[in-house]
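Worksheet: the structure to be examined is printed underneath.
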Amino acid sequence: MSRPAKLFSLVLALLLAIPAFAQQSTVATSNDKELRRSAHRMHITPERLRQARRALEEATSIVGRMDPAAVAQLAQLAPLWPQLHRTAARQKLEQLYTDLRRAAAEAPDEAAYRQQSQAAQALLASLSEVDANRAAVLGRSWPEPPTHLGPAAAEVRGNFETELAKQSIRRIGMSNPEELVPRLEELERSGTLDPMVRARLAMHLSQSGRREDALRLVDQMIGQLDRAAPDPRLLSEYMNFLPLLTMVDPERTVTAATALARISKESGGGPGGTTIQTPEGGRMDLTSAETSIVRMLQNGRLGPGLALRLIAANPDLKTKLDGIGGIDALYGPNALRPGPPPETVSAMRGYYVGPSTQREIGPVMAKIRSLAGSDPSSAAKKLAAELQPEQFQHLIRAAQQLSFQDPDLASIALEGAHSLLVGVEPLEKRAQLMTPLIRVWAEVEGEVQPKLYREGFVLVDDLRQAPRPSEQAPSVGAGPPRAAADNLERTLVAEYARDDFEAALKYIAGLSDYTVKLAMLLDIVQRFRQPF
Numbered sequence: 344m345s346r347p348a349k350l351f352s353l354v355l356a357l358l359l360a361i362p363a364f365a366q367q368s369t370v371a372t373s374n375d376k377e378l379r380r381s382a383h384r385m386h387i388t389p390e391r392l393r394q395a396r397r398a399l400e401e402a403t404s405i406v407g408r409m410d411p412a413a414v415a416q417l418a419q420l421a422p423l424w425p426q427l428h429r430t431a432a433r434q435k436l437e438q439l440y441t442d443l444r445r446a447a448a449e450a451p452d453e454a455a456y457r458q459q460s461q462a463a464q465a466l467l468a469s470l471s472e473v474d475a476n477r478a479a480v481l482g483r484s485w486p487e488p489p490t491h492l493g494p495a496a497a498e499v500r501g502n503f504e505t506e507l508a509k510q511s512i513r514r515i516g517m518s519n520p521e522e523l524v525p526r527l528e529e530l531e532r533s534g535t536l537d538p539m540v541r542a543r544l545a546m547h548l549s550q551s552g553r554r555e556d557a558l559r560l561v562d563q564m565i566g567q568l569d570r571a572a573p574d575p576r577l578l579s580e581y582m583n584f585l586p587l588l589t590m591v592d593p594e595r596t597v598t599a600a601t602a603l604a605r606i607s608k609e610s611g612g613g614p615g616g617t618t619i620q621t622p623e624g625g626r627m628d629l630t631s632a633e634t635s636i637v638r639m640l641q642n643g644r645l646g647p648g649l650a651l652r653l654i655a656a657n658p659d660l661k662t663k664l665d666g667i668g669g670i671d672a673l674y675g676p677n678a679l680r681p682g683p684p685p686e687t688v689s690a691m692r693g694y695y696v697g698p699s700t701q702r703e704i705g706p707v708m709a710k711i712r713s714l715a716g717s718d719p720s721s722a723a724k725k726l727a728a729e730l731q732p733e734q735f736q737h738l739i740r741a742a743q744q745l746s747f748q749d750p751d752l753a754s755i756a757l758e759g760a761h762s763l764l765v766g767v768e769p770l771e772k773r774a775q776l777m778t779p780l781i782r783v784w785a786e787v788e789g790e791v792q793p794k795l796y797r798e799g800f801v802l803v804d805d806l807r808q809a810p811r812p813s814e815q816a817p818s819v820g821a822g823p824p825r826a827a828a829d830n831l832e833r834t835l836v837a838e839y840a841r842d843d844f845e846a847a848l849k850y851i852a853g854l855s856d857y858t859v860k861l862a863m864l865l866d867i868v869q870r871f872r873q874p875f
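Numbering (our numbering), first residue to last: 344 to 875.
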């Protein structure tokens with residue numbers, strides 16, 4: 344038999360065998376297929392997605408048993424269902440909404456009714472991704488507040504469906520803007536398009552070949568900028584749309600950014616100003632609009648000519664940049680980046696770990712290479728002996744960079760950082776630093792060493808047994824012991840769940856505090872949905 348004939352016979356035999364094999368199979372292939380398809384879409388393994396769904400199921404069960412309802416956690420939990428388990432999302436979200444609706448009908452005060460209404464809007468916005476018609480029907484069934492709660496609660500109910508429509512449109516606009524295109528004129532007239540959705544729609548229209556419609560939306564946004572002045576929230580939304588605008592029309596981005604800088608200055612700087620600090624100790628304070636401009640410039644989406652025009656059109660920012668070396672200071676491996684002002688960092692009481700620049704990491708990486716080249720076995724100990732606890736974060740960043748170049752050097756950096764922890768006081772600060780160490784260890788090594796888990800849980804126990812704040816002198820640069828213990832414990836459990844999922848669930852089941860259990864389960868879900 345010739346080679347083609349043999350090949351044809353083999354293929355024919357395989358095709359005939361497939362139906363027979365399928366008939367013999369007893370596996371629930373429809374469920375498995377949905378799981379594999381969803382896992383592939385999320386870039387995680389089917390087993391990891393199965394575990395994430397189970398943790399989400401446990402979290403949803405706990406929310407249903409909490410009284411009063413965990414309103415803040417509901418808003419966090421709601422979007423996870425359509426993301427992780429779309430086929431089960433409708434039933435779960437509708438049940439949560441039904442329980443919340445029952446509680447709202449008996450709300451004890453206006454604040455509770457307002458919080459429950461906001462949580463219900465989050466649930467229905469997530470449900471609208473799966474079944475928009477059902478979400479609209481349920482929205483109309485939201486109960487009126489008890490009459491004794493007064494006119495403020497009645498106003499919340501009056502705005503309920505309007506706010507629900509805005510949330511649903513925002514969610515659809517950010518995830519699937521094409522669905523909103525047929526309704527564009529209607530949505531513009533109704534005023535339900537916020538700046539971020541407008542920008543997302545404009546980008547979608549531009550990429551779909553409908554540039555004139557995209558530019559019309561952009562021009563409308565620019566024409567409405569002055570309305571944002573009295574509303575800090577709206578002003579922040581307009582600032583957030585700048586990065587999207589660069590992908591639609593860079594020329595108009597310069598116009599919008601200049602207008603926002605003017606409005607921000609006239610309104611006293613706007614919310615969320617930042618600071619750029621130079622290695623020499625210099626400081627440049629930025630308004631919120633200037634921060635948005637600097638970050639947009641550093642994203643590299645504006646060409647050199649437009650970047651210079653933008654700086655020239657904002658003389659206050661140009662003057663500030665001239666004080667640190669001009670616009671060139673924002674680019675290159677040693678670029679200066681905006682961050683929280685020093686006084687804000689101090690108010691965070693140790694929970695903020697600032698970014699490390701390449702200028703700081705470079706010498707640390709050179710030292711790691713030098714020590715590893717002379718004596719790899721003792722390099723980590725020598726590294727810890729030569730560095731200070733303040734350089735802990737530089738070692739963490741170095742480990743992340745070296746993991747792509749030389750995994751052995753990355754391991755030395757992690758071991759050195761681990762050794763530095765011993766000298767960190769108080770315990771709250773040590774717990775704060777241990778959290779990124781555990782996460783980066785898992786990222787670099789693929790798993791966390793048992794000794795790290797053991798030390799972490801011992802530290803959690805020590806913090807829980809520490810004197811109450813009223814019983815001790817206040818510590819500088821660290822958060823309350825109980826909060827530090829809770830944060831570290833959640834990180835430990837979420838990471839350990841990757842190694843032993845059943846043991847992590849058993850640990851959570853042994854806890855008595857529903858709020859803590861819920862937070863841990865949601866952390867596991869978030870950790871598991873991260874792609875490999």
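Ideal placement from N, C-alpha and C gives every residue a C-beta, glycine not left out. What you are looking at is a predicted structure, and each value in this text was computed from that prediction instead of being measured.
Inset, instruction - Within 10 angstroms of the Cβ of S635, are there 16 or more other Cβ atoms? Answer buried if so, exposed if not. - result: Around the beta carbon of S635, 16 or more other beta carbons sit within 10 angstroms, so the residue counts as buried.
Inset, instruction - Compare the beta carbon distance of V524 and R457 with 8 Å and say whether it is the shorter of the two. - result: Taking 8 Å as the Cβ cut-off, V524 and R457 do not qualify as a contacting pair.
Legend entry - CB contact flag (R433, D375, <8 Å): For R433 and D375, no; Cβs fall outside 8 Å.
Legend entry - Stretch pair the region 562-582 + the region 530-540: three plus CB contacts closer than 8 Å: Because the criterion of three Cβ pairs below 8 Å is met, the region 562-582 and the region 530-540 touch.
Inset, instruction - State yes or no: is the C-beta of E798 within less than 8 Å of the C-beta of S754? - result: No, they are not a contact pair.
Inset, instruction - Please classify T388: does DSSP put it in a helix, a strand, or coil? - result: Of the three classes helix, strand and coil, the one that applies to T388 here is coil, per DSSP.
Legend entry - Backbone CA spacing between S511 and S469 [nearest angstrom]: One C-alpha to the other measures close to 8 Å.
Inset, instruction - Apply the 10 Å Cβ neighbour rule to Q567 and answer buried if 16 or more other Cβ atoms are within range, or exposed otherwise. - result: Exposed, because fewer than 16 other Cβ atoms sit within 10 Å of the Cβ of Q567.
Legend entry - Cβ-based neighbour list, T858, same chain, cut-off 6 Å, excluding 5 preceding and 5 following: Correct list: empty, nothing qualifies.
Inset, instruction - Could you pull the start and end residues of the alpha helix (DSSP H) that R841 belongs to? - result: Per DSSP, R841 belongs to the alpha helix (DSSP H) from 824-842.
Legend entry - Close beta carbons around Q438, own chain, < 8 Å, minus the five adjacent residues each side: G407, listed in sequence order.
Inset, instruction - Compute the beta-carbon to beta-carbon distance between P586 and N502, rounded to the nearest angstrom, for a pair I have assumed lies under 8 Å. - result: Taking a contact as a CB-CB distance under 8 Å, the pair P586 and N502 does not count as one, their CB atoms being some 30 Å apart.
Inset, instruction - Quick one: which unbroken alpha helix (DSSP H) runs of 4-plus residues sit fully inside the region 453-536? Chain order, please. - result: Restricted to the region 453-536, the alpha helix (DSSP H) segments that are unbroken, complete and at least 4 residues in length are 453-473, 475-483, 494-518, 527-533, listed in chain order.
Legend entry - One or two residues paired with G682 in a DSSP bridge: In DSSP, G682 forms a bridge with T618.
Inset, instruction - Tell whether a beta-carbon distance below 8 Å holds between A715 and L770. - result: By the CB criterion at 8 Å, A715 and L770 fall outside the cutoff.
Inset, instruction - Taking only the alpha-carbon atoms, compute the straight-line gap between R638 and L745 and give it to the nearest angstrom. - result: When rounded, the distance between both Cα atoms is 26 Å.
Inset, instruction - Specify whether the region 435-454 and the region 410-418 touch according to this definition: at least 3 beta carbon pairs, one from each stretch, less than 8 Å apart. - result: Below 8 Å, enough C-beta pairs join the region 435-454 and the region 410-418 to call them touching: three or more.
Inset, instruction - Thinking Q731 and V707 are a contact (beta carbons under 8 Å), I'd like their distance in whole angstroms, please. - result: Actually they are not in contact, since the Cβ atoms of Q731 and V707 sit about 11 Å apart, beyond 8 Å.
Legend entry - N- and C-terminal bounds of the beta strand (DSSP E) containing R445: Careful: R445 lies outside any beta strand (DSSP E), inside the alpha helix (DSSP H) at 429-448.
Inset, instruction - Would you kindly report the start and end of the unbroken beta strand (DSSP E) that includes D628? - result: It spans 626-629 - the beta strand (DSSP E) in which D628 sits, taken as one unbroken run.
Legend entry - Neighbour-count burial assignment, T403, 16 or more Cβ in a 10 Å radius: When all chains shown are included, T403 counts as buried.
Inset, instruction - Quick one: grab the DSSP three-state call for R692. - result: Bear in mind that the predicted position of R692 carries a pLDDT of just 41, short of 50, making it unreliable; the figure below should be weighed with that in mind. Secondary structure of R692 (DSSP, three-state): coil.
Inset, instruction - For the alpha helix (DSSP H) containing S879, list its first residue and its last residue. - result: Because the chain here runs from 344 to 875, residue 879 falls outside it and cannot be looked at.
Legend entry - Reduced DSSP secondary structure (H/G/I, E/B, other) of M409: It is coil, neither helix nor strand.
Legend entry - Which of helix, strand or coil DSSP assigns to I667: DSSP places I667 in coil when its eight states are reduced to three.
Inset, instruction - Note down, in chain order, each residue of its chain lying with its Cβ closer than 6 Å to the Cβ of A465, except the 5 sequence neighbours on either side. - result: The residues are A418, A421.
Legend entry - Test item: CB-CB of L763 and A727 under 8 Å: A contact, by the Cβ cut-off of 8 Å.
Legend entry - Beta-carbon contacts of S471 that lie in its chain and below 6 Å, excluding the five residues immediately before and after: If the five residues before and after S471 are omitted, its C-beta is found closer than 6 Å to the C-beta atoms of A478, S511, all from its own chain and listed in chain order.
Inset, instruction - Look at R773 and L795 and say whether their C-beta atoms are less than 8 Å apart. - result: No, they are not a contact pair.
Inset, instruction - Look up S373 in the DSSP assignment and say whether it is helix, strand or coil. - result: Only weak support exists for where S373 lies, its pLDDT of 47 falling under 50; the value from the coordinates is given anyway. Three-state result, S373: helix.
Legend entry - Whole-angstrom distance between L757 and V783, CA atom to CA atom: Going by the C-alpha atoms only, they are around 8 Å apart.
Legend entry - Beta-carbon proximity list for H305, same chain, < 6 Å, skipping 5 on both sides: Outside the displayed range of the chain (344 to 875) lies residue 305, so it cannot be described from this structure.
Inset, instruction - For R833, count neighbouring C-beta atoms within 10 Å of its own C-beta (all shown protein chains included) and say buried if the count is 16 or more, exposed if not. - result: By the neighbour-count rule (16 or more Cβ atoms within 10 Å), R833 is buried.
Inset, instruction - Output the boundary residues of the alpha helix (DSSP H) element that contains Y796. - result: Y796 -> alpha helix (DSSP H) spans 793-807.
Legend entry - Buried or exposed by the 16-neighbour rule on C-beta atoms within 10 Å, applied to A290: With the chain running from 344 to 875 in the structure shown, residue 290 is simply not present.
Inset, instruction - Would you kindly work out how many angstroms separate the C-alpha atoms of D843 and E729, rounded to a whole number? - result: Taking C-alpha positions only, D843 is separated from E729 by approximately 36 Å.
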